[in-house]
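A.B. asks: Quick one: the structure is below, questions incoming.
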Amino acid sequence: MMGETVDRAAAELKGSILFVCSGNICRSPVAAALLRGHLEQWPVEVESAGLIARDGLPVEPKMVKAAQGLGVQAPDLSGFRSRRATSEMLEQADLVLTATRSQRADVVREAPSTVRTAFTLKEFAAYVSDIADLLEQAGEAKPHTVADVVALVPLVRGERVRAGSPDITDPMGRSSRTHVRATREIAEAVARVARGLRP
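Letter by letter, the sequence shown follows residues 1 to 199 in the UniProt record's numbering.
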């Protein structure tokens with residue numbers, strides 16, 4: 001009976017995640033919608049905002065089309081409207097994921113307390129994968145709050161040199177092909193984050 005109770009608790013995942021880009025009409029809304037889909041069975045709040053966003057704009061049409069190309073993974077972006085990130089939003093999130101390193105730096109300047117909770121999406125995807133591997137090797141269960149997962153990042157931060165850019169391509173004002181490439185980058189990184197977070 002005790003084992004069943006522990007297993008049940010371990011199967012929970014709670015917390016809040018905020019995706020941040022510049023205008024909140026391309027990268028961050030797609031990332032948030034995709035992760036929300038991956039984690040829909042758990043009470044995790046997944047939202048997005050933009051550092052220089054204008055409130056109330058829909059997702060860029062080329063990005064919507066690119067997201068539709070993901071097939072069964074395609075998120076519903078029809079009701080989305082952009083919003084500007086505030087220091088309060090940034091500070092309250094258990095995890096802040098940005099599209100680029102420069103945006104991560106901007107987030108920390110806006111809300112200094114996020115220095116331990118803000119990462120680029122690609123960086124955190126690598127970290128959370130390493131954390132999952134570390135816990136599996138140690139025979140330990142994954143944490144069941146986002147904040148507890150984030151607290152383990154220092155254990156793996158310097159473990160290996162990470163290849164490739166930590167930035168997601170900015171598709172704004174560029175070709176449809178660039179929007180597709182950015183969407184695929186996002187989908188791949190988000191899937192890794194979801195695998196690492198899921199109990």
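We put the CB at the ideal spot given by N, CA and C, even for glycine.
Using DSSP with H/G/I as helix, E/B as strand and the rest coil, what is R54?
C.D. replies: coil
A.B. asks: Please report the distance separating the alpha-carbon of L18 from that of G56.
C.D. replies: 18 Å
A.B. asks: Only counting the same chain, and skipping five residues up and downstream in sequence, which positions put a Cβ closer than 6 Å to that of E188?
C.D. replies: none
A.B. asks: Could you pull the DSSP bridge partners for G15 from this structure?
C.D. replies: Residue pairing by DSSP puts G15 in a beta bridge opposite V44.
A.B. asks: Output needed for S16: all residues of its chain with C-beta closer than 6 Å, excluding positions within five of it in sequence on either side, in chain order.
C.D. replies: E45, A93 and D94
A.B. asks: When the distance is taken between beta carbons, is T86 closer than 8 Å to R104?
C.D. replies: no
A.B. asks: Measuring CB to CB, does residue 201 end up less than 8 Å from S78?
C.D. replies: Look at the range of the chain in this structure, 1 to 199, and you will see that residue 201 is not part of it.
A.B. asks: Would you mind stating whether R101 and P166 have Cβ atoms separated by less than 8 Å?
C.D. replies: Between R101 and P166, the gap from beta carbon to beta carbon is short of 8 Å.
A.B. asks: So does the region 149–158 actually touch the region 176–186, counting three or more Cβ pairs closer than 8 Å?
C.D. replies: no
A.B. asks: Would you call the CB atoms of G196 and V107 closer than 8 Å?
C.D. replies: no
A.B. asks: By Cβ distance below 6 Å, which residues in the same chain neighbour R198 in space, the five residues on each side in sequence not counted?
C.D. replies: none
A.B. asks: If we call anything under 8 Å between Cβ atoms a contact, is R35 one with V190?
C.D. replies: According to the sequence displayed, residue 35 carries Leu and not Arg. A contact, by the Cβ cut-off of 8 Å.
A.B. asks: Output the boundary residues of the alpha helix (DSSP H) element that contains L35.
C.D. replies: R27 to H38
A.B. asks: Short of 6 Å in beta carbon distance, which residues of its chain neighbour K62, apart from the five on each side in sequence? Order them along the chain.
C.D. replies: S176 and H179
A.B. asks: Starting from T178, trace the alpha helix (DSSP H) in both directions and tell me its first and last residue.
C.D. replies: S176 to L197
A.B. asks: In terms of DSSP beta bridges, what is A49 paired with?
C.D. replies: V20
A.B. asks: Could you pull the DSSP bridge partners for V108 from this structure?
C.D. replies: In DSSP, V108 forms no bridge with anything.
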